[in-house]
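Trainee: Residue numbers (this note's numbering), protein chains in the order written: chain W, 122 to 369; chain B, 122 to 369. Handing you this structure, nothing more for now.
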């Protein structure tokens, strides 16, 4: 990763710091507020905080790894020889992406059998998607990246299909005042997830070196912020609204 | 431990970081959620979190020790001369393995005498198993490793026998809706524990140097994840389900 400009280095650096702060703050908000929702929704809110907690930990590690990879002095950025560890993202996703689906399922408060069933199948598909994506991410040539990316797209499409068809019927059974928010959470999950394959494909369009790195890092960071912090707060709002309806 | 490849180094490195994150997240989930279960089950859930907390601490130490043992620059891995400290695992197990059995016994809510009795005998057997295993783990020759490994297998077999015969009758007395989960927790405990002797025996089959180290580290890490984090969440689910049954 030679030839990264000071602007690119700083942009990524500050994006990582920003995201750590946002994830940590969301975590604390969710955990502190969990008893403000009715008992059946507390696990969903707790898990939303677990997701942002895991993300905060990894953004701290990613930030430190980025800092160690470059020496910036007198406005000149030089690689130190210590590699920037991209694996942290995949390690993070392996834990958080299944949990993100679990929090969405839990806040819907389906019956126990459907909850277990959906959580297991969607969670497994999500983990498979991450595992298949990684060999492509670290590949140095486009065909290998494209091969694993395509394999990873299979569980991805299955999850999206499940979110819109399998969960569709369950969403229609949600109380009317919460239905809009549940649909929003689903849409935001889908939209932020759509970001990942786009970023993944950045090198396909001959984006390489420092430009590719900057695009990938900032892109994944934005997607993570929406998928974890914004969706987490939305889950809390759904839980709050449903608690109010059920108390009335 | 000369000749470790970049791939092997990174695999172990990322596995340690992943496990720290998973253990810490599980700890917080269990502690935050402990009041979501009925009072008689709170100690079981708290102890499950204590187990993952102790594991999180040790994985942080293990991660740091691994990082200090190697210098990785420009894609080349070199030993620094600082030893990777394997004792952390045994120190961890000495604390957590007896507690793992205690959490399983507590969530079954046996009468007080049986609880104390089983917790003491199984806890003592577990500690003995760890203490006897360690001299073999640090031995440099196979016969010594095999001798201590075999001694350590005696309490191991006793615990497994107790789990399946001694606790078997108690499991049949569990409420029907929770019985399946209790059996699952017992099976998962057994299956993940079965991992440890297999990993321990890796050097027997002439696996040596970097390959043995990588296999042992990744193997123990996976076993720890299942035995502590996955079983911990299962204990919470058992406690939750039993609380619901008793409230109804």
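Note that beta-carbon positions come from the ideal geometry of N, C-alpha and C, so glycine has one too.
Which residue wins for smallest C-alpha separation from residue 182/B, given the options 205/B, 357/B, 334/B and 195/B?
Mentor: Translated into positions along the second chain, residue 182/B becomes position 61. Residue 182/B has its Cα closest to that of 205/B, out of 205/B, 357/B, 334/B and 195/B.
Trainee: Can you name the residues of chain B whose CB is closer than 8 angstroms to the CB of residue 113/W?
Mentor: The structure shown does not extend to residue 113/W, since chain W spans only 122 to 369, so no value can be given for it.
Trainee: Closer than 9 angstroms by beta-carbon distance: list the chain B residues that pair up with residue 214/W, in chain order.
Mentor: The residue labelled residue 214/W in the question sits at position 93 within the first chain. None at all; the shortest Cβ gap to chain B is about 11 angstroms.
Trainee: Can you grab the Cα-Cα spacing for the pair residue 127/W / residue 180/W, in whole Å?
Mentor: Sequence index remark: in the first chain, residue 127/W carries index 6 (1-based). Sequence index remark: in the first chain, residue 180/W carries index 59 (1-based). Rounded to whole angstroms, residue 127/W to residue 180/W spans 21 angstroms at the Cα level.
Trainee: Determine the chain W residues that contact residue 149/B at a beta-carbon separation under 7 angstroms, and present them in chain order.
Mentor: Working through the second chain from its first residue, we reach residue 149/B at position 28. Within 7 angstroms Cβ-Cβ: 171 and 174.
Trainee: Determine, for residue 139/B, whether the minimum Cβ-Cβ distance to residues of chain W falls below 8 angstroms.
Mentor: Sequence index remark: in the second chain, residue 139/B carries index 18 (1-based). Taking Cβ atoms only, chain W reaches closer than 8 angstroms to residue 139/B, which makes this a yes.
Trainee: Whole-angstrom Cβ separation of residue 144/B and residue 177/B, contact assumed at under 8 angstroms?
Mentor: Here residue 144/B refers to the residue found at position 23 of the second chain. Here residue 177/B refers to the residue found at position 56 of the second chain. Sure, about 4 angstroms apart at Cβ, within 8 angstroms.
Trainee: Would you call the region 310 to 327 of chain B and the region 271 to 290 of chain B touching, i.e. three or more CB-CB distances under 8 angstroms?
Mentor: Yes, since at least three Cβ pairs between the region 310 to 327 of chain B and the region 271 to 290 of chain B fall closer than 8 angstroms, the two stretches touch.
Trainee: Quick one: what's got a C-beta closer than 6 angstroms to residue 170/W's C-beta in the same chain, skipping five residues either side?
Mentor: As a working mapping, residue 170/W is identified with position 49 in the first chain. Hits under 6 angstroms: 148, 151 and 152.
Trainee: Check whether the region 355 to 366 of chain B touches the region 158 to 170 of chain B, taking contact to mean three or more Cβ pairs, one atom from each stretch, closer than 8 angstroms.
Mentor: Touching, per the Cβ criterion.
Trainee: Since residue 349/B and residue 225/B should fall inside the 8 angstroms C-beta cutoff, what is the C-beta to C-beta distance between them, to a whole number of angstroms?
Mentor: The residue labelled residue 349/B in the question sits at position 228 within the second chain. The residue labelled residue 225/B in the question sits at position 104 within the second chain. With a Cβ gap of about 12 angstroms, residue 349/B and residue 225/B do not count as contacting.
Trainee: How would you call residue 329/W, buried or exposed, if buried means at least 16 neighbouring beta carbons within 10 angstroms?
Mentor: Counted from its first residue, the first chain places residue 329/W at position 208. So residue 329/W ends up on the exposed side.
Trainee: Given residue 190/W, which residues of its chain have a CB within under 7 angstroms of its CB, disregarding the five upstream and five downstream residues?
Mentor: Counting from 1 along the first chain, the entry for residue 190/W is found at position 69. So the list reads 200, 201, 203, 204 and 205, once near-sequence residues are dropped.
Trainee: Is it the case that the Cβ atoms of residue 284/B and residue 300/B are separated by a distance below 8 angstroms?
Mentor: What you label residue 284/B is simply residue 163 of the second chain in a count that begins at 1. What you label residue 300/B is simply residue 179 of the second chain in a count that begins at 1. Not closer than 8 angstroms, so no.
Trainee: Would residue 288/B pass as a contact of residue 355/B if the rule is Cβ separation under 8 angstroms?
Mentor: What you label residue 288/B is simply residue 167 of the second chain in a count that begins at 1. What you label residue 355/B is simply residue 234 of the second chain in a count that begins at 1. Result no, Cβ atoms of residue 288/B and residue 355/B do not sit closer than 8 angstroms.
Trainee: Let me know the secondary structure DSSP gives residue 204/B once reduced to three states.
Mentor: The residue labelled residue 204/B in the question sits at position 83 within the second chain. Three-state result, residue 204/B: coil.
Trainee: Going by beta carbon distance, what residues of the same chain come within less than 8 angstroms of residue 358/B, once the five residues before and after it are set aside?
Mentor: For the purposes of this step, residue 358/B is identified with residue 237 of the second chain, where counting begins at 1. So the list reads 302, once near-sequence residues are dropped.
Trainee: Does the Cβ-Cβ distance between residue 279/W and residue 246/W come in under 8 angstroms?
Mentor: Within the first chain, the letter at position 158 stands for residue 279/W. Within the first chain, the letter at position 125 stands for residue 246/W. Yes. Within cutoff.
Trainee: Quick one: using the 10 Å Cβ neighbour count with 16 as the cut-off for buried, is residue 290/W buried or exposed?
Mentor: Within the first chain, residue 290/W is the residue found at index 169, counting from 1. It is exposed - the Cβ of residue 290/W has fewer than 16 other Cβ atoms within 10 Å.
Trainee: Please decide whether residue 187/W counts as near chain B, where near means a Cβ-Cβ distance under 8 angstroms.
Mentor: Residue mapping note: residue 187/W aligns to position 66 of the first chain, counting from 1. False, the Cβ-Cβ gap to chain B never drops below 8 angstroms.
Trainee: If you run the structure through DSSP and keep just helix, strand and coil, what is residue 232/B?
Mentor: On the second chain, position 111 is the one that residue 232/B refers to. Residue 232/B: coil per DSSP, three-state reduction.
Trainee: Output needed in chain order: residues of the region 293 to 314 of chain W with a Cβ under 7 angstroms from some Cβ in chain D.
Mentor: Given the protein chain composition of this structure (W and B), no chain D is represented.
Trainee: Report the CB separation of residue 125/B from residue 207/B in whole angstroms; it is logged as a contact under 8 angstroms.
Mentor: If you number the second chain from 1, residue 125/B lands on position 4. If you number the second chain from 1, residue 207/B lands on position 86. Not a contact, Cβ separation roughly 15 angstroms.
Trainee: Output the distance between the C-alpha atoms of residue 314/W and residue 344/W, rounded to the nearest integer angstrom.
Mentor: Indexing the first chain from 1 puts residue 314/W at position 193. Indexing the first chain from 1 puts residue 344/W at position 223. The straight-line gap from Cα to Cα measures roughly 7 angstroms.
Trainee: Need the endpoints of the beta strand (DSSP E) that residue 294/B sits in, please.
Mentor: Within the second chain, numbered from 1, the residue matching residue 294/B stands at position 173. Residue 294/B -> no beta strand (DSSP E), and no H or E assigned at all.
Trainee: Given the structure, does residue 281/B come close to the ligand SAH, in the sense that its CB is under 7 angstroms from one of the ligand's heavy atoms?
Mentor: Here there are no bound small molecules, and the ligand SAH is not part of this structure.
Trainee: Could you check the C-alpha separation between residue 324/B and residue 267/B for me, to the nearest Å?
Mentor: Translated into positions along the second chain, residue 324/B becomes position 203. Translated into positions along the second chain, residue 267/B becomes position 146. Near 10 angstroms, if we compare the C-alpha coordinates of residue 267/B and residue 324/B.
Trainee: Within a Cβ cutoff of 7 angstroms, which residues of the same chain sit near residue 165/W, ignoring the five residues on either side of it in sequence?
Mentor: Residue mapping note: residue 165/W aligns to position 44 of the first chain, counting from 1. Cβ within range, chain order: 224, 227, 228, 356 and 360.
Trainee: Let me see if you follow: with CB-CB separation under 8 angstroms, is residue 269/W close to chain B or not?
Mentor: The sequence position of residue 269/W within the first chain is 148, counting from 1. Output row for residue 269/W: interface = no.
Trainee: Closest Cβ-Cβ distance between residue 193/B and chain W: below 8 angstroms?
Mentor: Mapped onto the second chain, residue 193/B falls at position 72. At least one chain W Cβ lies under 8 angstroms of residue 193/B.
Trainee: Measure from the C-beta of residue 364/B to each C-beta in chain W and report whether the shortest distance is under 8 angstroms.
Mentor: Counting from one through the second chain, the residue named residue 364/B turns up at place 243. With 8 angstroms as the cut-off, residue 364/B does not count as an interface residue toward chain W.
Trainee: Can a CB atom of chain B be found closer than 8 angstroms to the CB of residue 119/W?
Mentor: Lying before the first or after the last residue shown, residue 119/W is absent from chain W, which here runs from 122 to 369.
Trainee: In the DSSP assignment, what are the bridge partners of residue 192/W?
Mentor: Taking the first chain and counting its residues from 1, the one referred to as residue 192/W is at position 71. Answer is 199/W.
Trainee: According to DSSP, simplified to helix, strand and coil, what is residue 158/B?
Mentor: Counting from 1 along the second chain, the entry for residue 158/B is found at position 37. Residue state, collapsed to three classes: coil.
Trainee: Using a Cβ-Cβ cutoff of less than 6 angstroms, which residues in the same chain neighbour residue 379/W once the five nearest sequence positions on both sides are dropped?
Mentor: Here chain W covers residues 122 to 369 and nothing more, so residue 379/W does not appear.
Trainee: When the Cα of residue 252/W is compared with those of 156/W, 353/W, 133/W and 215/W, which residue comes out closest?
Mentor: The residue you call residue 252/W lines up with position 131 of the first chain. Cα-wise, what sits closest to residue 252/W is 215/W.
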